[in-house]
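Visitor: As they're listed, the protein sequences go chains A and B. According to numbering that gives the first Met the number 0, the residues represented by the first sequence are 0 to 407, in order. According to numbering that gives the first Met the number 0, the residues represented by the second sequence are 0 to 138, in order. Mind looking over this structure? Questions follow.
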Amino acid sequence: MYDQYLARRYRTTVRPRVEDYKIKDNVAIVGIGQTEFSKNSGRSECQMACEAIKAAVEDAGLNIEDIDGLVKYAMDYTDEMHIVSALGIPDLNYFGECGWGGGASCATILHAATAIASGAANYVVCYRAMNERSGARYGRAPGVEQIMIAPNDHYGYLMPFGLATPPSWVAMFATRYMYEFGATVEQLGWVSVVCREYACMNPKAMFYGRPITLQDYMESRMIVEPLRLYDCCLDTDGAVAVILTSAERAKALKQRPAYILGATQGIATQGEMMTSYYRPMISILPESWYAGQELWRVTGLSPKDVDVAQLYDAFTPLIPMQLEEYGFCGVGEGVAFCEGGDRIRLGGEIPCNTSGGHLSEAYIHGMNLIAEAVRQIRGTSTAQVEDAEISLVTGGLGVPTSAVLLRR
Amino acid sequence: MSMVYDTEHPVPIPPIIWDNMGYWEGINRHELVFQRCKECGTWRHPPRPVCPKCRSFEKEWTPSTGKGAVYSWVTYQESPHPGFKAPYSVVLLEMEEGVRLVSNMVDIKPEEISIGMPVEVVFEDIAEGLTLPKFRKVG
Numbered sequence: 000m001y002d003q004y005l006a007r008r009y010r011t012t013v014r015p016r017v018e019d020y021k022i023k024d025n026v027a028i029v030g031i032g033q034t035e036f037s038k039n040s041g042r043s044e045c046q047m048a049c050e051a052i053k054a055a056v057e058d059a060g061l062n063i064e065d066i067d068g069l070v071k072y073a074m075d076y077t078d079e080m081h082i083v084s085a086l087g088i089p090d091l092n093y094f095g096e097c098g099w100g101g102g103a104s105c106a107t108i109l110h111a112a113t114a115i116a117s118g119a120a121n122y123v124v125c126y127r128a129m130n131e132r133s134g135a136r137y138g139r140a141p142g143v144e145q146i147m148i149a150p151n152d153h154y155g156y157l158m159p160f161g162l163a164t165p166p167s168w169v170a171m172f173a174t175r176y177m178y179e180f181g182a183t184v185e186q187l188g189w190v191s192v193v194c195r196e197y198a199c200m201n202p203k204a205m206f207y208g209r210p211i212t213l214q215d216y217m218e219s220r221m222i223v224e225p226l227r228l229y230d231c232c233l234d235t236d237g238a239v240a241v242i243l244t245s246a247e248r249a250k251a252l253k254q255r256p257a258y259i260l261g262a263t264q265g266i267a268t269q270g271e272m273m274t275s276y277y278r279p280m281i282s283i284l285p286e287s288w289y290a291g292q293e294l295w296r297v298t299g300l301s302p303k304d305v306d307v308a309q310l311y312d313a314f315t316p317l318i319p320m321q322l323e324e325y326g327f328c329g330v331g332e333g334v335a336f337c338e339g340g341d342r343i344r345l346g347g348e349i350p351c352n353t354s355g356g357h358l359s360e361a362y363i364h365g366m367n368l369i370a371e372a373v374r375q376i377r378g379t380s381t382a383q384v385e386d387a388e389i390s391l392v393t394g395g396l397g398v399p400t401s402a403v404l405l406r407r
Numbered sequence: 000m001s002m003v004y005d006t007e008h009p010v011p012i013p014p015i016i017w018d019n020m021g022y023w024e025g026i027n028r029h030e031l032v033f034q035r036c037k038e039c040g041t042w043r044h045p046p047r048p049v050c051p052k053c054r055s056f057e058k059e060w061t062p063s064t065g066k067g068a069v070y071s072w073v074t075y076q077e078s079p080h081p082g083f084k085a086p087y088s089v090v091l092l093e094m095e096e097g098v099r100l101v102s103n104m105v106d107i108k109p110e111e112i113s114i115g116m117p118v119e120v121v122f123e124d125i126a127e128g129l130t131l132p133k134f135r136k137v138g
């Protein structure tokens, strides 16, 4: 295994047979709901979770009483017992949580879909609720108004040296990436500019009505060199929920179903939480590569079949790095791919993060990206890709990650 | 110029667990040691209970040459913590043994740090009970 990892080979021989993959075409996302996205919600995370779930249930044309399953993020501060009690859900027969911060986003879909495809549940809700702007901000160092991260032994190799916040952890990858592949910050800036363009088409985005130019990006203040303010995602208060059910039951519901072609997770060896600096290369993201390889394997599709992508964008370098790992371009070509922005804009090879993404719509830990991937299938995005049939969304990365491929 | 700590504020202390005890004991006596598999000789860092290559649990804390090179770097322009005075740089180093670790450079300005720069270890006693391995440019 260790040597195989070094050779970057996907071990399809240890995977189940593709014909045994029961999720494909048998499960659909049938409801989406969300709160407003703000800097200060003025209410509890539990209330926002309930608002988003209620909106998703109504969107689907279901009743709260129909819900019999729930999958949450391990990092979410709400819990299933209080959600069930608050909303008056009579009972749940399937519930659980997925780990690794935003890496849980598409993983919740995989776990919900597994329950539905196996007959363990009928209607499963997945949600994320966070007062991440007015409450504990993830960009702060532990011990400084930040309670996200419990101390663990690995942080002992980072924190005393001042490598204390997520932008610095990603910046360490970015410096090496730019060195190895000759990428520049000007090229990277286009990722930020294009996401802002999409946000300016989306009235619900936090940065709606606030376009930026590449010059604005270059003049934004340095946070952790080489990353600037506009390389970093928003801090947001808000909640998003989605409802899944079987393809058969989906036909009777209100919305055009977003059928699940594949949902996958990926862990790669020798990883650490956002700081996997100990691998042969750090200019690549093996978790994303594994989740992608499995996604293409179980769906039988390839990147060229994808019409639109929502790539987890906590920081700008992660979009080009995922374009590489999911196979939209070659290793080391991602930043150049984004230069000028046309290839990730509407009409380009792969429109990316069409709601504005985490960089410019809101940071709901990947759940808002899933909602946008569904809107693209329904034809209701504010930056709609014409006749979009295949929609990709990815989970938080640099940690154990996840991905979902939807179809019309 | 080195990383400056304001020890009025508590600097994060490395958690000591069974698996990394030997590493931090080495640092405290001003010796840089890494885990090495007794079966296959593979060096590893961060410390783990078992060799990921041959799966042997037999390992020993083996002295490093203390020499390596800068593999990547970042520079904080704003301090994220009252215990650290900005600007300061953090470096990722690749040691001669092939392992990597995160640290800071001493006696150098952030803009002088570059990938490939050869370094050697020095030890800084930061506070009571906190000694850290730091690195200085050589050659």
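Using N, Cα and C, we set each Cβ at its ideal position, and we do this for glycine too.
Compare the beta carbon distance of residue 26/A and residue 68/A with 8 Å and say whether it is the shorter of the two.
Guide: no
Visitor: Verify the CB distance criterion: does residue 213/A have a CB-CB separation below 8 Å to chain B?
Guide: no
Visitor: Given a limit of 9 Å on CB to CB distance, which residues of the stretch 58-89 of chain B reach chain A?
Guide: For the stretch 58-89 of chain B, which is checked against every Cβ of chain A, the residues closer than 9 Å are 70, 71, 72, 73, 74, 75, 76, 77, 78, 79, 80, 81, 82, 83, 85, 86, 87, 88, 89.
Visitor: Do residue 224/A and residue 73/B come within 8 Å of each other at the CB atom, strictly closer than that value?
Guide: yes
Visitor: Return no unless some Cβ of chain A is closer than 8 Å to the Cβ of residue 116/B.
Guide: Judged by the 8 Å Cβ criterion, residue 116/B is not in contact with chain A.
Visitor: Bridge partners for residue 97/A per DSSP, in chain order?
Guide: 72/A
Visitor: State the Cα-Cα distance for the pair residue 201/A and residue 403/A, rounded to the nearest angstrom.
Guide: 23 Å
Visitor: Using DSSP with H/G/I as helix, E/B as strand and the rest coil, what is residue 337/A?
Guide: Correct three-state label for residue 337/A: helix.
Visitor: Using a 10 Å radius around the Cβ and a threshold of 16 neighbouring Cβ atoms, would you call residue 352/A buried or exposed?
Guide: The residue is buried, with at least 16 neighbouring Cβ atoms inside 10 Å.
Visitor: Compare the C-beta of residue 27/B against all C-beta atoms of chain A and say whether one is closer than 8 Å.
Guide: no
Visitor: By the DSSP assignment, the beta strand (DSSP E) with residue 404/A in it spans what residues?
Guide: 400-406
Visitor: Please go through the stretch 205-231 of chain A and give each complete alpha helix (DSSP H) segment of 4 or more residues, from N-terminal end onward.
Guide: Complete alpha helix (DSSP H) runs here, min 4: 213-218.
Visitor: Going along chain A in order, which residues have a C-beta closer than 8 Å to the C-beta of residue 102/B?
Guide: 160
Visitor: What in chain A is Cβ-close to residue 31/B, meaning under 7 Å?
Guide: None at all; the shortest Cβ gap to chain A is about 13 Å.
Visitor: Determine which residues of the stretch 162-194 of chain A have a Cβ less than 7 Å from any Cβ of chain B, and write them out in chain order.
Guide: 162, 163, 164, 167, 170, 171, 174, 175, 178
Visitor: Give the residues of chain A in contact with residue 135/B, contact being defined as C-beta atoms less than 7 Å apart.
Guide: Those within 7 Å of residue 135/B in chain A number zero; the least Cβ separation is about 15 Å.
Visitor: For residue 35/B, which residues in chain A fall below 8 Å Cβ to Cβ?
Guide: Within chain A, no residue comes near residue 35/B; the closest Cβ sits about 15 Å away, beyond 8 Å.
Visitor: From residue 56/A to residue 34/A, what does the alpha carbon distance come to, in whole angstroms?
Guide: 13 Å
Visitor: Of the residues that make up the stretch 227-249 of chain A, which ones have a beta carbon closer than 9 Å to any beta carbon in chain B?
Guide: none
Visitor: Taking a contact to mean a Cβ-Cβ separation below 8 Å, would you say residue 259/A touches residue 112/A in this structure?
Guide: yes
Visitor: I'd like to know whether the C-beta atoms of residue 195/A and residue 355/A end up nearer to each other than 8 Å.
Guide: yes
Visitor: Is it buried or exposed for residue 405/A, if we count other Cβ within 10 angstroms and need 16 for buried?
Guide: buried
Visitor: Where does the unbroken beta strand (DSSP E) through residue 88/B begin, and where does it stop?
Guide: Start and end: 87-94.
Visitor: Please go through the stretch 301-388 of chain A and give each complete alpha helix (DSSP H) segment of 4 or more residues, from N-terminal end onward.
Guide: 317-324, 333-337, 356-359, 366-377
Visitor: Quick one: what's residue 73/B bridged to in DSSP?
Guide: Note: residue 73/B sits in a beta bridge opposite 89/B.
Visitor: Counting only Cβ pairs nearer than 8 Å, list the residues of chain A close to residue 45/B.
Guide: 152, 153, 156, 271, 277
Visitor: With DSSP as the reference, label residue 6/B as helix, strand or coil.
Guide: coil
Visitor: At least one CB of chain B closer than 8 Å to the CB of residue 140/A: is that the case?
Guide: By this cut-off, residue 140/A is an interface position.
Visitor: So is residue 232/A buried or exposed if we call it buried at 16+ other beta carbons inside 10 Å?
Guide: Burial call: buried.
Visitor: Where DSSP assigns a beta bridge to residue 60/B, which residues make up the other side?
Guide: 34/B
Visitor: In this structure, what does DSSP give as the bridge partners for residue 261/A?
Guide: 404/A
Visitor: Interface residues of chain A around residue 18/B at Cβ under 9 Å?
Guide: 152
Visitor: Mind checking which residues open and close the alpha helix (DSSP H) that includes residue 58/A?
Guide: 44-59
Visitor: Can at least three beta-carbon pairs, one atom from the stretch 389-400 of chain A and one from the stretch 113-133 of chain A, be found at a separation below 8 Å?
Guide: Of all C-beta pairs linking the stretch 389-400 of chain A to the stretch 113-133 of chain A, fewer than three are shorter than 8 Å, placing the two stretches out of contact.
Visitor: Give the DSSP-derived three-state secondary structure of residue 12/A in the structure shown.
Guide: helix
Visitor: For residue 334/A, count the other beta carbons within 10 Å of its own beta carbon; 16 or more makes it buried, fewer makes it exposed. Which is it?
Guide: buried
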